[in-house]
Amino acid sequence: MRSVSACCFSAALLLAETLHAAPTPQDVAPKASPPGSSQVLANPDFGPIPGESSYYSSNNSTLPPFPGNYTQPVMPTAKGPPGPDDLLFQNLLQAEWAIYAFYQYGVETFNQSVFEDAGYPSTTYQRIVEIRDNEAGHGRIFEEAISNTSVKPALCKYQFGIASPVAYLAAHTVIEISSMAFLTGLILQATLDSSKAALVAIAEVESRHEAWGLIDVWNESPFGGPADTVFPYANEILDTTKVFIVPGSCPKGNPDYPIPSQNLPALTYVDNTTTLLPGSPITLAFSNPANQPKFDASKTYYAVFFHGLLNITEPFDTKTNTTIIPPEFEAKGLFLGVISDTPGAPTIDTVVAGPIFIIEQPVEINSGVS
Ligand SMILES: *[C@@H]1O[C@H](CO)[C@@H](O)[C@H](O)[C@H]1NC(C)=O
Ligand SMILES: *[C@@H]1O[C@H](CO)[C@@H](O)[C@H](O)[C@H]1NC(C)=O
Ligand SMILES: *[C@@H]1O[C@H](CO)[C@@H](O)[C@H](O)[C@H]1NC(C)=O
Ligand SMILES: *[C@@H]1O[C@H](CO)[C@@H](O)[C@H](O)[C@H]1NC(C)=O
Ligand SMILES: *[C@@H]1O[C@H](CO)[C@@H](O)[C@H](O)[C@H]1NC(C)=O
Ligand SMILES: *[C@@H]1O[C@H](CO)[C@@H](O)[C@H](O)[C@H]1NC(C)=O
Ligand SMILES: *[C@@H]1O[C@H](CO)[C@@H](O)[C@H](O)[C@H]1NC(C)=O
Ligand SMILES: *[C@@H]1O[C@H](CO)[C@@H](O)[C@H](O)[C@H]1NC(C)=O
């Protein structure tokens, strides 16, 4: 990837440019569609239509709802260059499949009495079902946003390693607020105004899901300060969702995910070294043994934290892996942290590890629900 001199805006343009320069689905020849295969999904009138059908609000079934009941990618039905935002929506659809699968897993694994017995409101299971149905609708919306000259990716197999209802609901809160952040970041990659508006509309729905959890599940104020977190390097968040994909389980024909990917070392923190609140020291850790950072002893590194529309840079000590959570931040919503070789991480290529997600609401998550 080429480097640019300064500013998030340039980085976003660079990213958009790189996306369009990446291997494109236009090389994939249209294929004849066997009847009953996923190719029926190419027809936008097939199946329930988002915004017209109540299916995506209240399908209610424990079975995988449409279009999650199709397991193969939809091959291009027309030849020609990809649509300007096809790659963005291919990345987003694959992120969406992981999120949809998380809720489908919840619908299949839990039931109303499990949540009630754990002390949650009697509507909790029904809300998880409704969120699952909304996420299926997002899948259909993103399929339709990908033009006929590009592949529409299908689901892989996913692993969540969550057994208890409280851990599941904590993960729901993290997933929703993280998707709010990557959706705002993806707006910086979008070319068409209509794509940008669609991304805002979807982010708003994720924010409703988040607000439901904060009110009903966690018994907290639903508000998260005057602005939610903008993180400009959305693909770095998408990359972290790959831990949910069972290796090798994606159908042949799916494009790589995400494109482009920096494959950065994953960032987490060492238990008991931090309160996770603003001003607290924190010892970071690189959680994937197969992907460890290589720090150049002659360089200085920084921990750059994003919250709301701000970012604040703190020193990062590569000998101890310690830094501090910016004391200036309001303890609301989401903090995203990365390790960078430049204060402010002004371009994507200055990020060398991360991101780490620090959720300030509910505080239960910080005190380690399990
Ligand atoms: C895409 O292809 C499908 C199936 O051939 C067709 O129904 C649909 O109208 C096409 N969409 C566009 C925008 O051409
Ligand atoms: C889904 O369940 C909700 C809550 O029980 C109910 O109000 C709604 O009518 C159901 N929808 C369908 C299509 O059965
Ligand atoms: C919900 O989706 C399932 C699985 O695709 C389907 O069998 C069922 O008929 C759908 N329910 C409604 C109310 O559309
Ligand atoms: C998927 O669900 C839709 C809507 O319920 C239905 O029309 C379609 O036949 C189903 N397809 C498969 C392969 O199950
Ligand atoms: C709910 O799930 C629990 C745990 O799997 C099970 O013991 C219980 O029978 C289920 N209840 C209903 C009403 O299905
Ligand atoms: C963190 O502290 C808790 C409570 O004091 C303790 O049970 C746990 O073992 C500690 N974890 C580590 C990794 O030291
Ligand atoms: C800091 O992280 C590096 C990379 O994972 C690791 O090798 C090193 O042991 C860590 N240092 C401390 C003091 O935890
Ligand atoms: C972080 O903030 C600084 C100062 O406002 C700005 O120059 C820099 O571009 C910001 N970084 C990103 C990634 O937006």
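Counting from 1 along the sequence shown, just add 1031 to a position and that's the residue number in my numbering. A virtual CB, placed ideally from N, CA and C, is assigned to each residue, including glycine.
*Buried or exposed: which applies to E1391, given that a residue is buried once 16 or more other Cβ atoms fall within 10 Å of its Cβ?*
Taking the sequence shown and counting its residues from 1, one reaches residue 1391 at position 360. That one is buried.
*For K1325, does the count of other Cβ atoms within 10 angstroms reach 16, so buried, or fall short, so exposed?*
As a first step, residue 1325 must be located in the sequence shown, where it is residue number 294. By the 10 Å Cβ count, K1325 comes out exposed.
_Alpha-carbon to alpha-carbon, N1091 and T1215_ = As a working mapping, residue 1215 is identified with position 184 in the sequence shown. As a working mapping, residue 1091 is identified with position 60 in the sequence shown. Rounded to the nearest angstrom, the two C-alpha atoms are 29 Å apart.
_For A1265 and N1303, what's the separation of their Cα atoms in angstroms?_
Within the sequence shown, numbered from 1, the residue matching residue 1265 stands at position 234. Within the sequence shown, numbered from 1, the residue matching residue 1303 stands at position 272. A1265 and N1303: Cα-Cα distance of roughly 29 Å.
*If you scan the region 1180–1257 from start to end, which runs of the alpha helix (DSSP H) of 4 or more residues do you find wholly inside it?*
1196–1218 and 1224–1243
*When G1364, T1373, A1384 and A1316 are compared against T1353, the one with the closest alpha-carbon*: Walking along the sequence shown from the start, residue 1353 turns up at place 322. The shortest Cα separation from T1353 among G1364, T1373, A1384 and A1316 belongs to A1316.
_Where P1393 falls, given that 16 or more other Cβ within 10 Å makes a residue buried_ = For the purposes of this step, residue 1393 is identified with residue 362 of the sequence shown, where counting begins at 1. Buried, because 16 or more other Cβ atoms sit within 10 Å of the Cβ of P1393.
_Near ligand 1: P1076 beta-carbon under 8 Å from a heavy atom_ = As a position in the sequence shown, residue 1076 is number 45, starting the count at 1. The amino acid occupying residue 1076 in the given sequence is Asp; Pro does not appear at that position. D1076: yes, Cβ under 8 Å from ligand 1.
*DSSP beta-bridge partners for F1275?*
Reading the sequence shown from its first residue, position 244 is the one you call residue 1275. For F1275, which the question treats as bridged, DSSP gives no partner whatsoever.
*Over what stretch of residues does the beta strand (DSSP E) that includes V1335 continue unbroken?*
Mapped onto the sequence shown, residue 1335 falls at position 304. Taken as a continuous stretch (DSSP letters only), the beta strand (DSSP E) holding V1335 covers Y1332 to H1338.
_Closest by C-alpha distance to G1255, when choosing among Q1293, M1211 and D1224_ = Start at 1 with the first residue of the sequence shown, and residue 1255 comes out as number 224. For the residues Q1293, M1211 and D1224, the minimum Cα distance to G1255 belongs to M1211.
_Is E1091 a contact residue of ligand 4, with contact defined as CB to any heavy atom under 8 Å?_
On the sequence shown, position 60 is the one that residue 1091 refers to. The identity of residue 1091 in the sequence shown is Asn, whereas the question assumes Glu. Flag unset: Cβ of N1091 not near ligand 4.
*For R1171, which residues from the same chain have a beta carbon less than 6 Å from its beta carbon, with the 5 sequence-adjacent residues on both sides left out?*
Locating residue 1171 in the sequence shown gives position 140, counting from the first residue. These residues qualify, in order along the chain: P1081 and P1098.
*Which whole-angstrom value describes the C-beta separation of S1178 and G1244, a residue pair presumed to lie in contact below a C-beta threshold of 8 Å?*
What you label residue 1178 is simply residue 147 of the sequence shown in a count that begins at 1. What you label residue 1244 is simply residue 213 of the sequence shown in a count that begins at 1. Going by Cβ atoms, the distance from S1178 to G1244 rounds to 35 Å, so no, they are not a contact pair.
*From the DSSP output, in three-state form, read off A1073 for me.*
Within the sequence shown, residue 1073 is the residue found at index 42, counting from 1. It is helical.
_My assumption, with CB atoms under 8 Å, is that V1138 sits in contact with E1267. Please give the rounded CB distance._
Within the sequence shown, residue 1138 is the residue found at index 107, counting from 1. Within the sequence shown, residue 1267 is the residue found at index 236, counting from 1. Contact doesn't hold; Cβ gap of about 29 Å is too wide.
_Alpha carbon of L1341 to alpha carbon of G1078, nearest angstrom_ = Your numbering for residue 1341 matches position 310 in the sequence shown. Your numbering for residue 1078 matches position 47 in the sequence shown. Roughly 42 Å between the two C-alpha positions.
*Can you tell me whether DSSP reads G1170 as helix, strand or coil?*
One-based indexing of the sequence shown puts residue 1170 at position 139. Correct three-state label for G1170: helix.
_Backbone CA spacing between F1388 and L1365 [nearest angstrom]_ = Translated into positions along the sequence shown, residue 1388 becomes position 357. Translated into positions along the sequence shown, residue 1365 becomes position 334. Whole-angstrom Cα-Cα distance: 7 Å.
*Mind listing which residues have their beta carbon within less than 6 Å of any non-hydrogen atom of ligand 5? Chain order is fine.*
N1142, S1144 and V1145
*In its own chain, which residues sit with a C-beta less than 7 Å from the C-beta of C1281, not counting the 5 before and 5 after it?*
Taking the sequence shown and counting its residues from 1, the one referred to as residue 1281 is at position 250. Same-chain partners within the cutoff: C1187.
*According to the Cβ coordinates, are R1163 and P1096 closer than 9 Å?*
Taking the sequence shown and counting its residues from 1, one reaches residue 1163 at position 132. Taking the sequence shown and counting its residues from 1, one reaches residue 1096 at position 65. Against a cut-off of 9 Å, the Cβ pair of P1096 and R1163 comes out as a contact.
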